[in-house]
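Okay, so here's the structure we're looking at.
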Amino acid sequence: MTGEKKRSARLGDKNDLRIKAIENGTVIDHITPGQALNVLNILRVNGDFTNTVSVVMNAGGSRGDKDVVKIEGRELTEKEVNSISLISPKATLNIIRNFEVVQKRPIQKPESVCGIVKCINPNCITNSSEPIETKFIVSENEKVKSLVLRCVFCESIMTEDLIKFIE
Ligand SMILES: [Zn+2]
């Protein structure tokens, strides 16, 4: 071990070590506490997934709780990022290639989401046999600090338990 490596191992905080332990893949950090397993559902990570996946729930100690998901050999599609933003708008994405963080960015609230959420209204045209993709305008409710989705077809408002409606 070189002197430099020893030094970084000593100085690096735990998050840093977790990120560096991954060769290629994605670290989703600052996930809303309790949402890590929903994030895995969105990414369709289940028993058939063979790459290494690490889940840390309620990490962060005195800096406040958060969940972290680290997933080897996988980068996220825009659709997956948008889905995660609906249940964890403060999350950050770290893309890892060859042990380096090549990109770090906050997940941003999309202006609208298409083909991600099923409309709560059973009579909505998107729930009929018509081949119409769902579309919702996304806004933020400052009072309850949660996202509000408005269906562009039937004006239905959805804000709670969005995970149940993510397709
Ligand atoms: Zn609708």
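Read in our numbering, the sequence shown has 58 at position 58, and its numbers run on one by one without any break. The C-beta atom is built at its ideal place from N, Cα and C for all residues, glycine as well.
If you measure from the CB of residue i, is any heavy atom of ligand 1 nearer than 7 Å?
| i | result |
| --- | --- |
| S129 | no |
| C151 | yes |
| T174 | Summary: the structure shown does not reach residue 174, with the chain confined to residues 1 through 167, and so no result is reported for it. |
So is residue i buried or exposed if we call it buried at 16+ other beta carbons inside 10 Å?
| i | result |
| --- | --- |
| C114 | exposed |
| G25 | buried |
| P89 | buried |
| V69 | buried |
From the DSSP output, read off the bridge partner residues of residue i.
| i | result |
| --- | --- |
| T172 | Since the first residue shown for the chain is 1 and the last is 167, residue 172 is missing from the structure and cannot be characterised. |
| Q103 | I95 |
| G25 | E72, I96 |
| D67 | I31 |
| E140 | L147 |
| V81 | None; V81 has no bridge partner. |
| A59 | K66 |
Express the C-alpha separation of residue j and residue i in angstroms, rounding to a whole number.
| i | j | result |
| --- | --- | --- |
| C119 | T52 | 34 Å |
| K109 | T50 | 30 Å |
| M158 | D67 | 24 Å |
| V117 | E23 | 32 Å |
| I137 | A36 | 25 Å |
| T211 | V55 | Outside the shown range of the chain, which is 1 to 167, sits residue 211, and nothing can be said about it. |
| L93 | N82 | 12 Å |
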